[in-house]
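Residue numbers (my numbering), protein chains in the order written: chain L, 2 to 356; chain R, 6 to 83; chain D, 38 to 292. We treat Cβ as the ideally placed atom computed from N, Cα and C, and that holds for glycine.
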Amino acid sequence: MARRLMEGSEAIAAAAITAGCRFFAGYPMTPFTELLENFARQLPPVDGVCINAESELEAVGMAWGAVATGARAATGSTGQGLSLMQESLSEITRAELPLVVFNMARGQGDYFQATRGGGHGDYRHIVLAPVDLAEAVQLTQWAFHLAERWRNPVLIYGDYLLAHTSEAVDVTPIDFGELPVKTWAVDGTLGGSGSSRNVNPLGFEKGKRGIDPEAFWNRLAAKHEQIACEESRFEAEACDDADVVVVAFGTPARFARHVVREMCAEGLRVGHFRPITLWPFPAAALAKIAQRTKRIAVFEQNAGQMIDDVRLAVLAAAEVVPIGGISTDSSGFGVGPMLDVERIRGRVEAVMEIR
Amino acid sequence: MNIPRPTRGTVLIATERCKGCELCIPACPPRVLSMSSEVNGKGFRFPLLAPGCTGCQACLLVCPDFCFEVYQFETEVG
Amino acid sequence: MVERNDEPLAHKVAGYKPDLLLSEDHHLCPGCGEPLAVRMLLDAISELDAAQKTIGVVGIGCYTTFSATMDVDIIQALHGRAPSVATGAKRMRPECLVFTLQGDGDMVNEGLQEVLHTAARGESVTCVLLNNGVFGETGGHMTSTTVIGQRTKNSLEGRDAGYHGYPILIGDLIARLEGTAYAARGSVHNAAGVAQVRRMLKRAFETQLRGAGFTFVEVLTMCPTGWFVPTADGPGYMDKVLGSVHVIGELKART
């Protein structure tokens with residue numbers, strides 16, 4: 002497929018379908034609505050199903066049923082809608098289902114919701130935060146592969162800017178390699194065999210009396226530790242001899258990265274670090290960088306969320322300084338005045354001047 | 006006076022599984038089930054079968070603990 | 038055929054448990070009506086020869102124990118959420134027979150909007166309700182289907198309309214939705230009622246397999262523990278108190 006100009010929501014839906022997604026359910030909410038519209042338009046021609054669910058809670062339930070049958074399935078919303086889905090999202094993790102979830106967020110204030118999870122119990126979602134549409138298209142495809150590889154939900158942290166900006170992108174299918182056959186998928190066929198299937202977040206096993214919650218939850222926690230060892234991704238530029246490293250995630254990171262590149266071209270000692278996986282957070286890589294720099298400047302558009310993970314990674318190795326903040330437009334959905342390269346540059350320069 | 010009743014069927018009763026709910030007693034159309042005086046390992050009284058069963062399955066249908074297995078004889082007995 | 042030297046020939050009419058139940062063991066109370074309904078559900082599937090294309094979606098309640106012992110492919114859902122899970126499963130596996138198994142607390146309290154929306158949309162799934170008018174598993178409190186005068190843990194003097202409001206007659210509500218092709222209410226208070234439940238379930242499943250729309254079977258089940266009655270009095274209490282409000286019969290059967 003050649004590169005063509007596509008609006009974010011259209012490209013992300015196309016990427017999901019390219020990756021084999023054949024079920025989507027969602028409820029309209031700004032700035033997620035266009036993603037739902039695009040799935041509704043693009044799924045039927047490939048014999049997929051898109052349901053306009055009557056609530057977010059029912060959307061995640063429908064996606065649960067679809068993904069349990071072995072189909073590649075997704076749901077999504079914006080932060081508020083995902084808040085409604087939290088019980089189901091945490092239990093879907095315990096049922097070990099490979100659901101892909103899209104948050105087209107109203108800014109960066111959903112970092113905690115995404116990475117800590119707003120549901121109950123010990124569970125983790127893999128969280129991917131694209132910086133631009135080209136990366137979003139790749140990460141969307143990777144999400145379906147990753148989810149199946151680990152039998153765990155994967156959340157894509159998008160936002161208003163990503164959903165509503167048009168860029169030239171290429172939605173060519175990417176081959177991530179072989180995956181095991183989904184023997185656990187429920188399709189009815191093992192009924193009456195004595196070994197019928199059981200997709201179950203409670204730990205019940207077919208034919209066995211009672212459950213062992215401790216063993217069950219420990220097994221899940223061990224899986225999440227393994228994911229944490231293997232799947233963290235990040236982008237780092239000019240960090241090797243930087244006095245200040247600017248850390249940012251998602252679409253605002255594109256602005257921060259631009260500022261860093263501009264300053265580097267002028268010979269200034271500034272670096273840039275961008276987590277691509279918000280969970281697992283690339284703590285080890287950032288810790289190494291912190292050993293060799295004086296200050297870590299955290300640019301995020303919220304009251305301070307990712308900075309907690311930065312502090313945990315850096316500990317005493319360098320000083321951590323917030324240079325972001327809450328900034329949005331009059332609707333609360335979109336882009337605020339702080340997302341401006343001159344303003345960001347001013348804040349980075351202020352950090353460099355601290356003695 | 007006891008009028009001899011034709012027995013057309015019989016049941017096997019898993020008495021150790023019984024929880025003594027007594028739902029089978031009134032469910033049996035010829036009223037050939039009655040509760041024992043002794044108790045099973047769980048401490049519950051359990052049903053006993055008298056002659057006159059027809060193999061109609063009513064007891065099996067109303068038993069919450071799957072305690073009955075129902076048979077019908079090829080010819081009337083007794 | 039059972040034959041021994043001196044004993045008369047007999048044939049087995051029915052075994053202890055239905056073919057599709059892996060174990061007779063369960064921890065439910067003496068006199069509980071739910072196992073009777075589960076037996077009829079599994080019998081209906083066997084009689085339609087549908088075991089190898091059935092997906093069951095089980096809710097949360099006393100009956101959840103059967104998700105481990107029903108020998109059909111199962112998706113365990115959360116309290117109230119089975120209808121949407123069933124919807125997703127059926128849309129991806131339209132050739133399968135998909136049913137939900139839910140109690141009244143699950144379906145009519147927590148999950149009321151789910152079952153109504155699923156019915157309105159005419160999804161080709163069968164929702165099965167085990168209705169005893171109490172939250173059995175959590176200790177016997179009142180639900181949305183508890184009838185006026187019914188005794189539960191938090192209505193010991195009987196549900197009072199002024200204080201607690203009125204019950205929802207969910208079977209009747211669902212029957213009025215255009216998307217519903219078949220709706221019926223049965224009761225396991227006696228052997229004839231139990232057998233009628235099996236007929237209703239079969240009819241619902243057949244309707245689903247024809248692609249005619251949403252199907253619904255409500256089964257009144259005894260909960261002597263929740264109602265504070267002796268087990269032997271459970272069926273009579275159910276028939277008199279619940280059955281007089283949640284009336285037995287076929288509520289809708291679109292041809």
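Would you call the CB atoms of Leu138 (chain D) and Val165 (chain D) closer than 8 Å?
Mapped onto the third sequence, residue 138 (chain D) falls at position 101. Mapped onto the third sequence, residue 165 (chain D) falls at position 128. The answer is yes: Cβ separation under 8 Å.
In chain D, what lies closer than 8 Å to Asp188 (chain L) by C-beta?
Locating residue 188 (chain L) in the first sequence gives position 187, where the first residue counts as 1. Neighbours of Asp188 (chain L) on chain D, chain order: Ile92, Asp110, Arg130 and Cys133.
Over the uninterrupted alpha helix (DSSP H) stretch that includes Met337 (chain D), give me the two end residues.
Because chain D in this structure spans residues 38 to 292, residue 337 (chain D) falls outside the shown range and cannot be described.
Within 8 Å (strictly less), CB to CB, does Ala30 (chain L) reach chain D?
Here residue 30 (chain L) corresponds to residue number 29 of the first sequence, with the count starting at 1. Sequence check: residue 30 (chain L) is Met here, not Ala. No - not a single Cβ of chain D is within 8 Å of the one on Met30 (chain L).
Check each candidate in L:Arg23, L:Ala17 and L:Ile297 and name the one with the smallest Cα separation from Ser272 (chain L).
If you number the first sequence from 1, residue 272 (chain L) lands on position 271. It should be pointed out that residue 272 (chain L) corresponds to Gly in this sequence rather than to Ser. Comparing Cα positions, the closest option is L:Ile297.
Which two residues bound the contiguous alpha helix (DSSP H) that contains His48 (chain D)?
Taking the first residue of the third sequence as position 1, residue 48 (chain D) is located at position 11. Premise fails: His48 (chain D) lies in the beta strand (DSSP E), Glu44 to Ala51, not in any alpha helix (DSSP H).
Going by Cα to Cα distance, which pick from D:Gln89, D:Gly140, D:Lys127 and D:Ala198 is closest to Ile207 (chain D)?
Start at 1 with the first residue of the third sequence, and residue 207 (chain D) comes out as number 170. Checking every option, the nearest Cα to that of Ile207 (chain D) belongs to D:Gly140.
State the CB to CB distance for the pair Val225 (chain D) and Ala74 (chain D), rounded to an integer number of angstroms; the pair is presumed to be in contact (CB under 8 Å).
Against the third sequence, residue 225 (chain D) aligns to sequence position 188. Against the third sequence, residue 74 (chain D) aligns to sequence position 37. Contact flag correct, Cβ pair sits at about 6 Å.
Please list the terminal residues of the continuous beta strand (DSSP E) segment that includes Asn168 (chain D).
Counting from one through the third sequence, the residue named residue 168 (chain D) turns up at place 131. Annotation for Asn168 (chain D): the continuous beta strand (DSSP E) segment containing it runs Thr163 to Asn168.
How close, in whole Å, do the beta carbons of Leu28 (chain R) and Ala269 (chain D) come, if the pair is a contact with beta carbons under 8 Å?
The residue given as residue 28 (chain R) occupies position 23 in the second sequence. The residue given as residue 269 (chain D) occupies position 232 in the third sequence. Right, the Cβ-Cβ distance comes to about 7 Å (below 8 Å), so this counts as a contact.
Please state the DSSP three-state secondary structure of Trp280 (chain L).
As a working note, residue 280 (chain L) is residue 279 in the first sequence. If DSSP states are grouped into helix, strand and coil, Trp280 (chain L) belongs with the strands.
Report the rounded CA-to-CA distance for Cys265 (chain L) versus Met339 (chain L), giving the unit in angstroms.
The sequence position of residue 265 (chain L) within the first sequence is 264, counting from 1. The sequence position of residue 339 (chain L) within the first sequence is 338, counting from 1. When rounded, the distance between both Cα atoms is 21 Å.
If the cut is a Cβ gap below 7 Å, which residues of chain L does Gly142 (chain D) touch?
Looking up residue 142 (chain D) in the third sequence gives position 105. Going along chain L, no residue has its Cβ under 7 Å from Gly142 (chain D), so there is no contact; the nearest lies around 16 Å.
How many angstroms separate the CA atom of Cys72 (chain R) from the CA atom of Leu65 (chain D)?
The residue you call residue 72 (chain R) lines up with position 67 of the second sequence. The residue you call residue 65 (chain D) lines up with position 28 of the third sequence. When the Cα atoms are used, Cys72 (chain R) and Leu65 (chain D) turn out to be separated by approximately 14 Å.
Is it buried or exposed, Arg118 (chain D), if we count other Cβ atoms within 10 angstroms and call 16 or more buried?
As a first step, residue 118 (chain D) is located in the third sequence; it is residue number 81 there, counting from the start. With 16 or more Cβ atoms within 10 Å of its Cβ, Arg118 (chain D) is classed as buried.
Between Asn219 (chain L) and Ile285 (chain D), what straight-line distance do the alpha-carbon atoms span, to the nearest angstrom?
For the purposes of this step, residue 219 (chain L) is identified with residue 218 of the first sequence, where counting begins at 1. For the purposes of this step, residue 285 (chain D) is identified with residue 248 of the third sequence, where counting begins at 1. Asn219 (chain L) and Ile285 (chain D): Cα-Cα distance of roughly 47 Å.
Distance check for Leu85 (chain L) and Pro29 (chain L), CA to CA, integer angstroms please.
The residue labelled residue 29 (chain L) in the question sits at position 28 within the first sequence. The residue labelled residue 85 (chain L) in the question sits at position 84 within the first sequence. Pro29 (chain L) and Leu85 (chain L): Cα-Cα distance of roughly 13 Å.
Starting from Tyr112 (chain L), trace the alpha helix (DSSP H) in both directions and tell me its first and last residue.
Residue numbering aside, residue 112 (chain L) sits at position 111 when the first sequence is read from its first letter. Here the alpha helix (DSSP H) through Tyr112 (chain L) covers Tyr112 to Arg117.
What does DSSP give as the partner residues of Glu263 (chain L) in its beta bridges?
Walking along the first sequence from the start, residue 263 (chain L) turns up at place 262. DSSP output for Glu263 (chain L) lists no bridge partner at all.
Does the Cβ of Asp86 (chain D) have 16 or more other Cβ atoms within 10 Å, making it buried, or fewer, making it exposed?
For the purposes of this step, residue 86 (chain D) is taken as the residue at position 49 of the third sequence. With a 10 Å radius around the Cβ and a threshold of 16 neighbouring Cβ atoms, Asp86 (chain D) comes out exposed.
Just tell me which of D:Ala290, D:Phe265 and D:Leu46 has its CA closest to the CA of Asn169 (chain D).
By 1-based counting over the third sequence, the position of residue 169 (chain D) is 132. Nearest option by C-alpha distance: D:Phe265.
Identify, in the order they occur along the chain, each residue of the same chain with its Cβ nearer than 6 Å to the Cβ of Gly25 (chain R), setting aside the five sequence neighbours on each side.
Taking the second sequence and counting its residues from 1, one reaches residue 25 (chain R) at position 20. Answer for Gly25 (chain R): Phe49 and Arg50, listed in chain order.
Give the residues of chain R in contact with His48 (chain D), contact being defined as C-beta atoms less than 7 Å apart.
In the third sequence, residue 48 (chain D) corresponds to position 11, counting from 1. Those are Tyr76 and Gln77, listed as they occur along chain R.
Sorted by chain position, which residues of the same chain lie with C-beta nearer than 6 Å to Trp65 (chain L)'s C-beta, five sequence neighbours on each side aside?
Looking up residue 65 (chain L) in the first sequence gives position 64. Closer than 6 Å at the Cβ level, and outside the excluded window around Trp65 (chain L), lie Ile93.
Given that Thr1 (chain L) touches chain D, what residues does it touch there, using C-beta distances under 7 Å?
In the structure as shown, chain L starts at 2 and stops at 356, and residue 1 (chain L) therefore has no counterpart that could be examined.
Got a sec? Which residues, its chain only, sit under 6 Å from Val155 (chain L) by beta carbon, not counting five neighbours each side?
Working through the first sequence from its first residue, we reach residue 155 (chain L) at position 154. Cβ neighbours of Val155 (chain L) beyond the five flanking positions: Val101, Ile127, Ala144, Leu147 and Ala148.
List the residues of chain R whose Cβ lies closer than 7 Å to the Cβ of Tyr100 (chain D), in chain order.
In the third sequence, residue 100 (chain D) corresponds to position 63, counting from 1. Here the premise fails: no neighbours, minimum Cβ distance about 12 Å.
For the stretch 300 to 316 of chain L against the stretch 105 to 113 of chain L, do three or more pairs of beta-carbon atoms, one drawn from each stretch, fall closer than 8 Å, so that the two count as touching?
yes
What are the residues in the stretch 273 to 287 of chain D lying within 8 Å of chain R by C-beta distance?
Residues passing the 8 Å Cβ filter: none.
Any chance the stretch 173 to 182 of chain D sits against the stretch 142 to 159 of chain D, with 3 or more Cβ pairs inside 8 Å?
Yes, the stretch 173 to 182 of chain D touches the stretch 142 to 159 of chain D.
Less than 6 Å between C-beta atoms, sequence neighbours within five positions excluded: which residues of the same chain meet that for Ala249 (chain D)?
Against the third sequence, residue 249 (chain D) aligns to sequence position 212. Ala218.
With a CB to CB cut of under 8 Å and the five nearest residues on each side skipped, what residues in its chain are close to Ala317 (chain L)?
Here residue 317 (chain L) refers to the residue found at position 316 of the first sequence. So the list is empty, once near-sequence residues are dropped.
Have a look at Ser161 (chain D) and His63 (chain D) and give me their C-alpha separation to the nearest angstrom.
As a working mapping, residue 161 (chain D) is identified with position 124 in the third sequence. As a working mapping, residue 63 (chain D) is identified with position 26 in the third sequence. The alpha-carbon atoms of Ser161 (chain D) and His63 (chain D) are separated by roughly 31 Å.
Is any beta-carbon of chain D found at less than 8 Å from that of Val37 (chain R)?
By one-based count along the second sequence, residue 37 (chain R) stands at place 32. Closer than 8 Å: no.
Quick check: is the beta carbon of Gly110 (chain L) nearer than 8 Å to any beta carbon in chain D?
The residue you call residue 110 (chain L) lines up with position 109 of the first sequence. Not closer than 8 Å to any Cβ of chain D, the Cβ of Gly110 (chain L) fails to qualify, so no.
Out of L:Lys224, L:Thr252, L:Leu203 and L:Val349, which has the shortest C-alpha to C-alpha gap to Arg107 (chain L)?
Residue mapping note: residue 107 (chain L) aligns to position 106 of the first sequence, counting from 1. Out of L:Lys224, L:Thr252, L:Leu203 and L:Val349, the CA that lies nearest to the CA of Arg107 (chain L) is found in L:Thr252.
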